[in-house]
Amino acid sequence: MAIAQTSRIRRRVLGGLSALAALTMALTGCSSPDLSGSGDSAGTAAGSGAGAESATVGARTPEQIKEAGSIRIGTFADKAPFGSLVGKNTYEGYDIVYGDRLGKDLGVKVEWVPVDASSRVEFLKSGKVDVILANFTVTPERAAQVDFANPYMKVSFGAVSSAKEPVRSEAELANKNIIIVKGTSQDAWITANHPEWKVTKYEQYTEATNALTDGRGDVWITDNTEALAFTEQNKDFVTGIASFGEESTIAAAVQQGNTELRDWINNNLVDLGKENFFHKDFEQTLAPVYGTAISPDELVIEGGAR
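Those letters in the sequence shown? Residues -21 to -1, 1 to 285, per mature numbering (1 follows the signal peptide of the UniProt record, and there is no 0), in order.
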């Protein structure tokens, strides 16, 4: 762990203990590798791979984040155009533009930490990240474990299938081999509503799309935003069902009980809404992918409106 960050954690946790005791305890509790990152707030990676380790710390308030000089944000490394790792250390996408703005408004650097869909809750609970911005759909089950800020996006489910054999209705899914990503809202919804469906679950989005293109499944069910983005770029496939299942919202999430950071994010959303921030984010990151397939008003939520 970098010396500056070790010192900050030692001051917060050990307070008035002697320097020798502080050093001993800090070294005991900070055995994880350095993930401080080396770039500026514009999408710098803080680790490599979705399983990258990160120091376990308690929930941090906005003031503590400002004092530390950086905020750790968990995001996807393989879900373009929302969050993806480009090259070795740079992230880009809709969620990345938002996260960089959070860092700018806090006056700190952003350290991007890659997560899988199934690890988002755990990374918040353990304090490995301060915020999750990873296409995180708000559900009652998740809200019982983390605190969601107000939403910035709305989605439903979409189903991607071969253009040669398109699946056009939900009824057809009962006889298909379905691909989903583990830990997603699609996973929970299918388990609750259609346990009889034939489903194969993958840990990462790249694994799911590879399975689809390799013919190991008939249909990939995901967020309709992701489905439309994929089929706009892969003309051998179509989003045969553009909207079904649950219509949901997507929001930033913080560790449960971290009301100060959640409230700061909510207040910041109001300010961003005044400048139509997310419409601009859409035009920058999503419009080049979607074209005319979806309009910003079908997806974007400004000002944290519920």
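By construction, the Cβ of each residue, glycine as well, lies at the ideal position given by its N, Cα and C atoms.
- Assignment of F127 by DSSP, reduced to helix, strand and coil, places it in the strand class.
- In the three-state reduction of the DSSP assignment, E205 falls in the helix class, which pools H, G and I.
- Distance between F257 and V117, taken at the CA atoms: about 18 angstroms.
- Distance between L152 and A208, taken at the CA atoms: about 21 angstroms.
- Taken in chain order, the unbroken stretches of alpha helix (DSSP H) that lie wholly in the segment 223 to 280 and span 4 residues or more are 238 to 253, 256 to 260, 266 to 269.
- Selection A206, D202, T204, K180 evaluated against R195 yields K180 as nearest (Cα-Cα).
- Bounds of any alpha helix (DSSP H) do not take in E71; it lies within the beta strand (DSSP E) bounded by 69 to 71.
- According to DSSP, residue pairing for S140 in a beta bridge involves V198, V217.
- A distance of 8 angstroms or more separates the beta carbons of L265 and Y70.
- Under DSSP, D57 takes part in a beta bridge, and its partners are S63.
- Rounded to the nearest whole angstrom, the C-alpha separation of S63 and I111 is 14 angstroms.
- Only exposed fits Q212, as fewer than 16 other CB atoms lie within 10 angstroms of its CB.
- For the pair S148 and V198, the Cα-to-Cα distance works out to about 12 angstroms.
- Contact annotation: D202 and G283 have beta-carbon atoms that are not nearer than 8 angstroms.
- Collapsing the DSSP output to three states places T40 in coil.
- A Cβ-Cβ contact shorter than 8 angstroms links W168 with G224.
- Taking a contact as a CB-CB distance under 8 angstroms, the pair V76 and D260 counts as one, their CB atoms being some 5 angstroms apart.
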